[in-house]
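Chains as they are written, first to last, in my numbering: chain A, 13 to 270; chain B, 13 to 270. In what follows, a single structure is set out as structure tokens and then discussed.
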């Protein structure tokens with residue numbers, strides 16, 4: 013029967029990226045490997061459902077209806093709604109970038125990001141991804157993730173963004189143990205020399221880590237004062253999600269001990 | 013050839029709502045009218061692409077990959093990104109609800125909403141919809157929308173949410189003229205007696221109205237002081253979108269004249 017119709021639609025959706033949100037049918041044909049006549053027919057069908065939309069210049073974009081259906085009942089939205097008041101509070105106080113990420117496959121997928129114009133460099137974007145070993149959010153999610161995922165990531169390959177990226181297996185293992193013990197990830201220059209990521213786990217009603225709350229701020233001394241802000245907000249989100257007693261009686265050691 | 017495969021996928025996505033984000037295959041079958049074997053096969057195919065995801069209890073939800081592909085290159089995201097710093101500022105000062113809506117079909121589709129726990133009642137949600145004649149955002153979009161849309165909406169039917177909803181054609185026409193003249197919509201109790209909506213137009217680089225910025229606050233005297241906050245933020249977003257001279261030399265009269 014060959015490739016399913018759905019696989020072709022998926023390839024078309026995947027052709028659109030934040031860098032290239034508008035494509036002509038022939039560009040879609042090239043990027044998907046679909047014959048231009050096939051691409052044209054499938055695009056027309058998607059446009060008829062407002063899953064794609066045609067610009068005045070005949071370029072095609074993601075349609076509002078696709079966004080609406082993907083968003084209105086998405087688990088991402090309820091998590092994001094619970095997190096947002098806390099994220100706004102952190103953003104008011106800390107500025108720069110405040111973000112919420114979840115584990116998806118072997119990467120962090122960012123559900124939300126609040127940014128300030130002129131903030132420090134940050135590769136994250138909403139619905140964007142970063143590898144688990146390099147980003148503070150990813151390290152929190154990996155530290156609390158399944159053992160088989162952790163072992164698979166640790167053996168690499170591990171991209172080295174900067175000299176400080178924990179891209180050696182032994183160092184990554186030590187970093188992850190530290191994240192579990194301290195209850196947060198503190199990542200100076202791991203992704204970019206000028207940026208510092210700080211992330212803490214968000215737990216659901218069963219006490220499982222379902223997301224990471226992180227801030228990206230300039231990589232400067234004195235940033236440690238931001239750690240309790242992030243941890244407190246992450247615990248607030250966890251409580252809003254229904255995490256109860258186990259959160260208070262956590263295995264994380266207090267910062268006084270370290 | 014009968015119904016297209018895409019139409020069936022669309023019906024499945026449409027079965028998921030904010031009230032019912034998790035469905036069993038038999039519930040999907042009932043809601044879509046698809047035979048349970050067909051629904052089961054199509055759901056399995058969507059799950060294989062992470063367009064749907066199965067819970068531990070075998071219920072099905074919208075999948076992260078669908079959300080990601082629908083969001084990362086969506087025009088909704090770039091508009092929302094430009095608006096967010098202004099929306100956060102308004103939310104800091106005004107509290108309650110701050111929202112961004114666009115015209116989609118004959119309704120407002122809300123791209124973003126910032127809310128405070130304990131804020132006044134508000135039917136809006138992210139990726140939710142409201143009719144054009146009743147909501148402040150809708151009135152702004154309708155006032156600046158195409159004439160044929162306006163005439164179609166004015167002849168109704170127009171749902172009356174409260175005694176104050178402009179649900180009579182003559183009154184709605186007068187309200188829309190007022191919105192165009194004043195440059196904002198001021199809607200006490202139009203959707204709920206306790207809530208007041210205030211909305212102002214957001215324009216793109218060509219000066220066209222592409223969105224409405226709105227606040228929902230308690231329906232109390234003295235709320236008029238919020239009007240300049242909303243108008244100023246909406247103009248800030250417009251400038252961020254590249255609206256230049258035409259914005260300053262607008263046809264909106266200044267509040268001193270009225």
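Ideal placement from N, C-alpha and C gives every residue a C-beta, glycine not left out.
- In this model, residue 17 (chain A) and residue 53 (chain A) are separated by some 12 Å (Cα to Cα).
- For residue 17 (chain B), the chain A residues whose Cβ falls inside 8 Å of its Cβ are 17, 18, in order along the chain.
- Here residue 117 (chain A) is exposed. Its C-beta has fewer than 16 other C-beta atoms within 10 Å.
- The Cβ-Cβ distance between residue 207 (chain A) and residue 113 (chain A) does not fall below 8 Å.
- Spatial neighbours of residue 243 (chain A) in its own chain (CB-CB distance under 8 Å, excluding positions within 5 residues in sequence) are listed in chain order as 195, 196, 212.
- Here residue 24 (chain B) is buried. Its C-beta has 16 or more other C-beta atoms within 10 Å.
- Within the same chain, 122 come within 6 Å of residue 140 (chain B) by CB-CB distance, once the 5 residues on both sides are set aside.
- Exclusion of the five residues before and after residue 172 (chain A) leaves 179 as the residues of its chain whose Cβ lies within less than 8 Å of its Cβ.
- Under the Cβ distance rule, residue 82 (chain A) counts among the residues neighbouring chain B, one pair being separated by less than 8 Å.
- Under the criterion of beta carbons closer than 8 Å, residue 103 (chain B) and residue 81 (chain B) do not qualify as touching, at roughly 29 Å.
- Within the segment 121-140 of chain B, the residues whose Cβ lies closer than 8 Å to some Cβ of chain A are 121, 126, 127, 128, 129, 137, 138, 139, 140, listed in chain order.
- The contact set of residue 88 (chain B) on chain A, defined by CB atoms closer than 7 Å, consists of 76, 79 in chain order.
- Residues of the same chain with a CB within less than 8 Å of the CB of residue 245 (chain B), apart from the 5 flanking positions on each side, are 98, 99, 101, 102, 212, 225 in chain order.
- Pairing residue 105 (chain A) with residue 57 (chain B), the inter-Cα distance amounts to about 45 Å.
- A Cβ-Cβ separation of about 17 Å leaves residue 111 (chain B) out of contact with residue 86 (chain B) under the 8 Å criterion.
- Per DSSP, reduced to three states, the secondary structure at residue 109 (chain A) is strand.
- Rounded to whole angstroms, the gap between the alpha carbons of residue 240 (chain B) and residue 210 (chain B) is 10 Å.
- For residue 122 (chain A), the enclosing beta strand (DSSP E) starts and ends at 119-126.
- Residue pairing by DSSP places residue 210 (chain B) opposite B:198, B:227 in a beta bridge.
- Under the three-state reduction of DSSP output, residue 74 (chain B) falls in the strand class.
- Boundaries cannot be given for residue 46 (chain A), as no beta strand (DSSP E) includes it and DSSP labels it neither H nor E.
- Approximately 11 Å separates the beta-carbon atoms of residue 108 (chain B) and residue 136 (chain B); this is outside 8 Å, ruling out the contact.
- If you draw a straight line from the Cα of residue 188 (chain A) to the Cα of residue 15 (chain A), it comes to about 41 Å.
- When the Cα atoms are used, residue 182 (chain A) and residue 220 (chain A) turn out to be separated by approximately 26 Å.
- Distances from the alpha-carbon of residue 228 (chain B) to those of B:144, B:248, B:61, B:198 put B:198 closest.
- Within the DSSP bridge table, the entry for residue 215 (chain B) names B:221 as partners.
- Your pair residue 88 (chain A) and residue 76 (chain A) does not check out as a contact, with CB atoms roughly 17 Å apart and the cut at 8 Å.
- The criterion of a C-beta distance shorter than 8 Å is satisfied by residue 36 (chain A) and residue 71 (chain A).
- If you draw a straight line from the Cα of residue 153 (chain A) to the Cα of residue 247 (chain A), it is about 15 Å long.
- The beta carbon of residue 239 (chain B) sits no closer than 8 Å to any beta carbon of chain A.
- If you draw a straight line from the Cα of residue 151 (chain B) to the Cα of residue 134 (chain B), it is about 16 Å long.
- One alpha carbon belongs to residue 67 (chain B), the other to residue 74 (chain B), and they sit about 10 Å apart.
- Annotated three-state conformation of residue 142 (chain B) is strand, per DSSP.
- DSSP lists B:119 as the bridge partner or partners of residue 116 (chain B).
- Around the beta-carbon of residue 50 (chain B), fewer than 16 other beta-carbon atoms lie within 10 Å, marking it exposed.
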